[in-house]
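**Student:** Can you keep this structure in mind? I'll have questions shortly.
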């Protein structure tokens, strides 16, 4: 790991989109931010399909952030034919999405960052491929007007996950499936997927504190529900392929 002296730590932001996940790191002189995104309009540092990347294509990273596309894992995916009643992929797009999730995990394992975060909406069926989340948050606790319950997976430093109940008044009420014009969630998919800056700041502060004051044990979870840091989801052959 870098950090220390005048050196900087490196954060890799996969599926960066508008860059919300790494936004707080961009404004810190202590971090080098490398954003990876397939769409040119977002002006990423590396324009590429994550599915086509190998570990050697990416810089060594102290921290990895990832927001894999959730379209095929949404609650509506079963209605559109992407998933069957058992949430198994039924279309080429859905199968590619599952492959992308495992490929992402392989890249993270090969890069071996000290900490990593993967986020997806709480209703996303990506959970059956990532396992139990490490933490959960609601975006209204990080400065947005909408709730958007969200799961976080990965290896996390000790941190607090801010969460509210559905009846609280910290947010307007709406849902991802609500197509009315007055819904509080942004209509633009990129804006809707953007991680709030306050959540990015919370992660940055927790990671920096852990780097400077290493905890005695990895990721003490500060929420009642608990979670799991065991994400060994691939076969030995898949692991070998990423190490070649």
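In the working numbering, the protein residues as written are 525 to 768.
Beta carbons are placed, not taken as given, at the ideal position from N, Cα and C, and that holds for glycine.
1) Does DSSP put residue 625 in a helix, a strand or coil?
2) Would DSSP call residue 706 helix, strand or coil?
3) If you drop the 5 nearest sequence neighbours on each side, which residues of the same chain put their C-beta closer than 6 Å to that of residue 585?
4) Around the Cβ of residue 738, are there at least 16 other Cβ atoms within 10 angstroms (buried) or fewer (exposed)?
5) The alpha helix (DSSP H) with residue 733 in it runs from where to where?
6) Compute the distance between the beta-carbons of residue 561 and residue 540, then report whether it is under 8 Å.
7) May I ask which residues mark the beginning and end of the alpha helix (DSSP H) holding residue 548?
8) Would you give the residue range spanned by the beta strand (DSSP E) that residue 589 belongs to?
9) Determine the extent of the beta strand (DSSP E) in which residue 577 is found, giving its start and end residues.
10) Indicate whether residue 542 and residue 566 have their beta-carbon atoms separated by less than 8 Å.
11) Under DSSP, the alpha helix (DSSP H) around residue 654 begins and ends at which residues?
12) When DSSP labels each residue in this structure, what does residue 559 get in the three-state scheme?
13) Give the straight-line distance between the Cα atoms of residue 657 and residue 553, rounded to the nearest whole angstrom.
14) Output yes or no for whether 8 Å exceeds the beta carbon distance between residue 731 and residue 639.
15) By Cβ distance, which residues of its chain are closer than 6 Å to residue 677, with the 5 residues on each side in sequence left out?
16) Return the CA-CA distance between residue 711 and residue 660, expressed in angstroms with no decimal places.
17) Since I believe residue 631 is in contact with residue 582 (beta carbons under 8 Å), could you give me their beta-carbon distance rounded to a whole number of angstroms?
18) Nearest by alpha-carbon distance to residue 590: which of 733, 735, 725, 719 is it?
19) Could you name the residues of the same chain whose beta carbon sits closer than 6 Å to that of residue 663, not counting the 5 residues immediately before and after it, in chain order?
20) So the candidates are 649, 568, 726; which of them puts its Cα closest to the Cα of residue 549?
21) Name the DSSP beta bridge partners of residue 673, please?
**Tutor:** On the basis of the supplied data:
1) helix
2) Model confidence at residue 706 stands at a pLDDT of 39, short of 50, so the residue's coordinates are unreliable; what they give is reported in the following sentence. Residue 706: coil per DSSP, three-state reduction.
3) 534, 536, 635, 637
4) exposed
5) 721-736
6) yes
7) 547-550
8) 587-590
9) Looking at the DSSP string, residue 577 is not in any beta strand (DSSP E), and its letter there is neither H nor E.
10) yes
11) 651-654
12) strand
13) 31 Å
14) yes
15) 642, 654, 657, 658
16) 23 Å
17) 7 Å
18) 719
19) 672, 720
20) 726
21) 662
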